[in-house]
Each structure stands twice: as structure tokens, then as C-alpha cells.
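**Q** Residue numbers (this note's numbering), protein chains in the order written: chain H, 70 to 274; chain C, 70 to 274.
By construction, the Cβ of each residue, glycine as well, lies at the ideal position given by its N, Cα and C atoms.
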DNA sequence: AATTGTGAACCTCTTCACAGCT
DNA sequence: AGCTGTGAAGAGGTTCACAATT
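#1: For residue 174 of chain H, which residues in chain C fall below 7 Å Cβ to Cβ?
#2: Please tell me whether, using a cut-off of 7 Å, the distance from the CB of residue 176 of chain H to the nearest non-hydrogen atom of the ligand FMN is below it.
#3: If the criterion is Cβ atoms closer than 8 Å, does the pair residue 218 of chain H and residue 157 of chain H meet it?
#4: Does the stretch 192–208 of chain H come within contact of the stretch 233–243 of chain H, defined as at least 3 CB pairs closer than 8 Å?
#5: Looking at chain H, which residues of the stretch 126–158 of chain C have a Cβ within less than 8 Å of any of its Cβ atoms?
#6: With three or more C-beta pairs closer than 8 Å as the rule, is the stretch 162–173 of chain H touching the stretch 255–272 of chain C?
#7: Out of curiosity, what's the CA-to-CA distance linking residue 196 of chain H and residue 225 of chain H?
#8: Only counting the same chain, and skipping five residues up and downstream in sequence, which positions put a Cβ closer than 8 Å to that of residue 283 of chain H?
#9: In chain order, what residues of the same chain lie with their CB nearer than 7 Å to the CB of residue 98 of chain C, ignoring the 5 residues before and after it?
#10: Please classify residue 214 of chain C as buried or exposed, where buried requires at least 16 neighbouring CB atoms within 10 angstroms.
#11: State the Cα-Cα distance for the pair residue 154 of chain H and residue 265 of chain C, rounded to the nearest angstrom.
#12: Does residue 73 of chain C come out as helix, strand or coil in the three-state DSSP assignment?
#13: My output table needs one value for residue 161 of chain C: the three-state DSSP class, helix, strand or coil.
#14: Just to confirm my understanding: we take residue 146 of chain C, look at its own chain, exclude 5 residues before and 5 after, and list those with CB closer than 7 Å. What are they?
#15: Helix, strand or coil, according to DSSP, for residue 144 of chain C in the structure here?
#16: Where are the alpha helix (DSSP H) runs, 4 residues long or more, that stay fully inside the stretch 197–264 of chain C, in chain order?
#17: On the DSSP bridge assignment, give the partners of residue 182 of chain H in chain order.
#18: Looking at the unbroken alpha helix (DSSP H) that takes in residue 104 of chain H, where does it start and where does it end?
#19: Say whether the stretch 179–187 of chain H touches the stretch 179–196 of chain C, bearing in mind that this needs 3 or more beta-carbon pairs closer than 8 Å, one atom from each stretch.
#20: Starting from residue 189 of chain H and walking both ways along the alpha helix (DSSP H), at which residues does that stretch end?
#21: Under three-state DSSP, which class holds residue 139 of chain C?
#22: Could you check what DSSP says for residue 168 of chain H in three-state terms: helix, strand or coil?
#23: If you run the structure through DSSP and keep just helix, strand and coil, what is residue 127 of chain C?
#24: Can a CB atom of chain H be found closer than 8 Å to the CB of residue 111 of chain C?
#25: Name, in chain order, the residues that DSSP records as bridge partners for residue 134 of chain C.
#26: Tell me, which residues are paired with residue 177 of chain C by DSSP?
#27: Can you say whether residue 109 of chain C is buried or exposed, counting buried as having 16 or more other CB atoms within 10 angstroms of its CB?
#28: Taking a contact to mean a Cβ-Cβ separation below 8 Å, would you say residue 222 of chain C touches residue 245 of chain C in this structure?
#29: How many angstroms separate the CA atom of residue 124 of chain C from the CA atom of residue 150 of chain C?
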């Protein structure tokens with residue numbers, strides 16, 4: 070099958086979420102134009118994205134909400150549960166542990182790690198905090214899809230190396246540093262300072 | 070001057086940060102190739118980006134670190150301080166208030182707002198928490214560049230409307246909802262679930 | 001000799017225009 | 001008539017190849 074771009078993937082996740090609401094509202098069909106209005110994208114963009122996954126719609130009618138949701142989920146998510154481990158249980162780490170948007174999206178944080186002895190053993194929002202030393206072992210006993218870095222910047226690279234060594238293939242990094250990782254690892258940096266500055270620059274222009 | 074794309078802006082912010090470290094290390098000049106190695110970009114990309122701001126480098130020598138940093142800051146940041154207000158002092162809001170990466174980048178959170186009476190009046194990391202009702206007034210008495218939405222998703226649109234009404238032109242939204250805002254407002258959505266899923270999908274492909 | 005700066009080629013993503021279907 | 005699906009055109013962003021510079 071054709072490679073699906075990361076931009077398409079982000080939009081498809083929005084479609085899935087939107088379709089979920091529509092199904093809950095009891096809506097059976099939806100047109101690309103309606104989806105466009107809700108998501109603030111264009112109808113053509115949406116049809117192009119959906120066409121990656123086959124011919125799902127009915128001309129003159131639109132898409133069956135449940136069917137479209139199932140098709141998109143099947144191609145994009147595939148697994149029933151995406152398993153995440155978190156490094157760093159500071160303010161940001163706690164915010165991530167308590168983030169409400171995960172449940173519906175099949176995202177599950179299966180373990181957290183921290184250096185601070187006082188935090189080790191505690192349970193935050195149902196997730197147990199382990200020591201860094203036990204990370205490799207814990208990860209190997211679980212099937213983990215994503216490692217999240219929420220530690221201070223000076224520890225970022227060390228944690229990244231640990232995640233790579235554990236065999237995890239996806240990293241989300243919140244530490245404001247450029248991390249080195251092999252090309253085979255998919256690394257996403259979320260740097261709050263950069264996001265804020267970039268909104269400021271755009272808004273001003 | 071030519072319009073500078075938002076992708077370029079994000080990269081330039083990384084250059085500025087990198088140059089800051091280099092200046093601190095006492096390094097006087099740097100080549101595009103060295104910057105490329107540090108930032109994990111290509112040297113041509115870096116030279117193209119820099120060329121938006123004039124001819125700053127010296128063939129055979131490279132760029133003067135301090136000069137380049139000043140030029141980039143002058144074009145991109147312009148102001149001495151970028152002023153931010155935060156809506157929602159929950160876990161994520163607190164994480165943002167305590168985020169270490171802001172000081173150096175001239176980002177300053179000038180006020181926070183929350184609905185919870187128990188939080189109003191408190192000071193978190195030097196920032197005072199006000200009631201929602203006083204937001205318009207507080208914002209009008211300050212010059213505010215960016216409003217940050219860190220409230221539960223059902224309150225997201227309401228807060229967005231309030232920010233728009235206050236005259237602020239840039240919004241960073243962490244609530245997992247599609248917000249409506251006039252085209253003149255620059256809105257950036259940071260949806261953790263989407264970021265995580267998208268890393269998972271890419272990593273799997 | 002080594003590095004910057006840049007027009008042109010290339011690639012990727014979005015939008016247009018419209019054929020095809022019910 | 002109205003909606004989907006899509007080849008082709010267009011826009012935007014990156015990389016190539018190399019002229020200009022010290």
C-alpha cells in the first residue's frame with residue numbers, strides 16, 4: 070500500500086475523533102463537506118485522505134459514519150491499545166499521566182520512571198512509578214510502543230539512549246534539546262518555547 | 070520583505086538557541102556545516118534560512134556567532150519580551166508555569182486564570198492566578214501577545230472566544246478540541262493524543 | 001581552498017476541475 | 001442533482017549544483 074504521510078495521519082486521527090462524536094449523536098451518514106466544516110479543513114483534502122484507504126463513500130449520500138470510523142481505525146491504529154512509558158514524573162510528567170484525552174484514543178501509559186527516590190513506588194493516576202535502573206527490565210516485560218521524555222534537558226539524551234536500547238521505536242520528547250537517535254527511531258520533539266515563539270511570529274506577520 | 074514560513078521560523082528558533090550555547094562556550098565563528106551537525110538539519114537548509122535575513126556570513130570563514138544570533142533575533146523576536154497569559158491552572162497549566170525553557174527565550178507568563186476559587190489569588194512560580202471574570206481587564210492592562218488554553222475540552226471554545234475578544238492575536242491550544250477562531254487569529258493546536266498516535270503510526274511504518 | 005549564497009531542479013502536499021456514480 | 005473519487009495543475013519546501021567570495 071501507498072505510504073501514508075505523517076500529515077495525513079494527524080488529520081485522520083482528527084476524522085476518527087470527529088466520527089466518534091457523530092456516531093454518539095446518532096448520525097448515520099456524513100458528507101466530506103460537513104466533515105470539512107467541523108474540522109476546518111477542505112472537503113477535497115478529506116476525500117483525498119480517505120481515498121488512501123479505499124472507496125468507502127457513496128456518491129450522492131456521503132460516508133457511513135460507523136463504517137468510515139472503522140475503516141480509518143483499522144488502517145491507522147491497527148492495535149487495540151498503544152502502550153506508552155513515561156520518563157520523568159515532574160510537573161509535565163504528571164500532567165501527561167493525568168491527561169484526559171488518552172482513554173478514548175486507546176493510548177495507555179503502562180509505566181513511569183523517575184530518579185527521585187521519594188516518587189518511586191508511588192502510583193499516579195493508576196500508573197506505578199519505577200526507578201530508572203529497572204526501566205530496561207520493565208520495558209522488556211511489557212510490549213511498549215512509545216517512550217516519552219519529560220525529564221530536565223540535561224538528562225534528555227541519556228534517557229533517549231536508554232529508550233533506544235530498550236528497543237522502543239517511537240519517542241516523544243518534551244525536553245528542550247536536540248536529541249540524537251538512529252534514523253530507524255521515530256522521534257517527535259515538542260518544545261513549548263518553540264511552539265509559543267512560532268505562534269507569536271506568525272501572529273505578528 | 071519576503072514572507073517567512075512557519076517552518077523556517079521554527080528552525081530559526083533552534084539556530085538562535087544553538088548560537089546562544091556556542092557564544093557561551095566562547096566560540097566566535099561557526100559554519101553552516103557545523104550548525105547542521107548540531108541541529109540535525111542540512112547545511113543548505115540552514116544557509117537558505119539565513120539568507121532570508123541578508124548576507125551575514127563570510128565565505129571561507131562561516132558566521133560570526135554573536136552577529137548571526139543578533140540578526141536572527143532582530144528579525145524573528147523583535148521584542149524584548151513576549152507576553153503570555155495562561156487559562157487553566159490544572160496539571161498541564163502548572164507544568165507550563167514551571168517550564169524551565171522560557172526564561173532564556175524571552176517568554177514571560179504575565180498572568181494565569183482559573184475558575185476554581187481555591188486557586189484564585191495564589192501565586193505559582195511567580196505568576197498570580199486570577200478569576201476568569203477579571204481576564205478581559207487584566208489582559209487590557211497588560212500588553213499580551215499569546216493566550217494559552219489549558220482548560221478541559223468542554224471549556225475550550227469559551228476560553229478561545231474570550232481570548233479573541235480581548236484582542237490577543239495568537240493562541241496555543243492544548244485542549245483536545247477543534248476550536249473556531251477568525252482567520253486573523255493565529256491558532257496552534259497541540260493535542261497530545263494526536264502527537265502520540267502520529268509517532269506510533271510513523272514508527273510502525 | 002573552503003565556505004557562503006542562490007537559481008534551478010526536484011519532491012511533497014494541496015487545490016482544481018471534472019468524470020463517474022446513484 | 002449531488003456527492004465521491006481522482007488525474008492534473010499549482011504552491012510550497014528542500015536539495016542540487018555551482019558561481020562568488022575571501
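**A** Judging by the given coordinates:
#1: Position 105 of the first chain, counted from the start, is the residue given in the question as residue 174 of chain H. Those within 7 Å of residue 174 of chain H in chain C are 262, 266.
#2: Looking at this structure, you won't find the ligand FMN or any other ligand, since it has none at all.
#3: Against the first chain, residue 218 of chain H aligns to sequence position 149. Against the first chain, residue 157 of chain H aligns to sequence position 88. Cβ atoms of residue 218 of chain H and residue 157 of chain H: closer than 8 Å.
#4: yes
#5: 145, 146, 147, 151, 153
#6: Counting Cβ pairs under 8 Å, three or more are found: they touch.
#7: Against the first chain, residue 196 of chain H aligns to sequence position 127. Against the first chain, residue 225 of chain H aligns to sequence position 156. Those two C-alpha atoms are separated by around 22 Å.
#8: Absent from the structure is residue 283 of chain H, since the part of chain H shown begins at 70 and ends at 274.
#9: As a working mapping, residue 98 of chain C is identified with position 29 in the second chain. Result list for residue 98 of chain C: 130, 131, 132, 133, 134, in chain order.
#10: Here residue 214 of chain C refers to the residue found at position 145 when the second chain is read from its first residue. That one is buried.
#11: Walking along the first chain from the start, residue 154 of chain H turns up at place 85. Walking along the second chain from the start, residue 265 of chain C turns up at place 196. Taking the straight line from one Cα to the other gives about 11 Å.
#12: Start at 1 with the first residue of the second chain, and residue 73 of chain C comes out as number 4. Coil.
#13: Sequence index remark: in the second chain, residue 161 of chain C carries index 92 (1-based). Helix at residue 161 of chain C.
#14: In the second chain, residue 146 of chain C corresponds to position 77, counting from 1. Excluding residues within five positions, the ones whose Cβ falls inside 7 Å are 175.
#15: Position 75 of the second chain, counted from the start, is the residue given in the question as residue 144 of chain C. In this structure, residue 144 of chain C counts as helix in the three-state DSSP scheme.
#16: 204–210, 225–234
#17: Mapped onto the first chain, residue 182 of chain H falls at position 113. Its beta-bridge partners are H:156, H:199.
#18: For the purposes of this step, residue 104 of chain H is taken as residue 35 along the first chain, with counting starting at 1. In this chain, the alpha helix (DSSP H) harbouring residue 104 of chain H covers 101–108.
#19: no
#20: On the first chain, residue 189 of chain H is found 120 positions in, with the first residue counted as 1. Segment: none, residue 189 of chain H is in no alpha helix (DSSP H) and carries neither H nor E.
#21: Residue 139 of chain C sits at position 70 when you count from the first residue of the second chain. Under the three-state reduction of DSSP, residue 139 of chain C is assigned to helix.
#22: As a first step, residue 168 of chain H is located in the first chain; it is residue number 99 there, counting from the start. Residue state, collapsed to three classes: coil.
#23: One-based indexing of the second chain puts residue 127 of chain C at position 58. Reduced to three states, the DSSP call for residue 127 of chain C is strand.
#24: As a position in the second chain, residue 111 of chain C is number 42, starting the count at 1. Answer no: the Cβ-Cβ gap between residue 111 of chain C and chain H never drops below 8 Å.
#25: Working through the second chain from its first residue, we reach residue 134 of chain C at position 65. Answer is none; residue 134 of chain C lacks a bridge partner.
#26: Residue numbering aside, residue 177 of chain C sits at position 108 when the second chain is read from its first letter. According to DSSP, which records beta bridges pairwise, residue 177 of chain C is partnered with C:152.
#27: Start at 1 with the first residue of the second chain, and residue 109 of chain C comes out as number 40. Counting of Cβ neighbours within 10 angstroms places residue 109 of chain C among the exposed residues, the total staying below 16.
#28: Taking the first residue of the second chain as 1, we reach residue 222 of chain C at position 153. Taking the first residue of the second chain as 1, we reach residue 245 of chain C at position 176. Yes, the pair counts as a contact, with Cβ atoms nearer than the cut-off.
#29: Against the second chain, residue 124 of chain C aligns to sequence position 55. Against the second chain, residue 150 of chain C aligns to sequence position 81. Cα atoms of residue 124 of chain C and residue 150 of chain C: separation of roughly 26 Å, rounded to the nearest angstrom.
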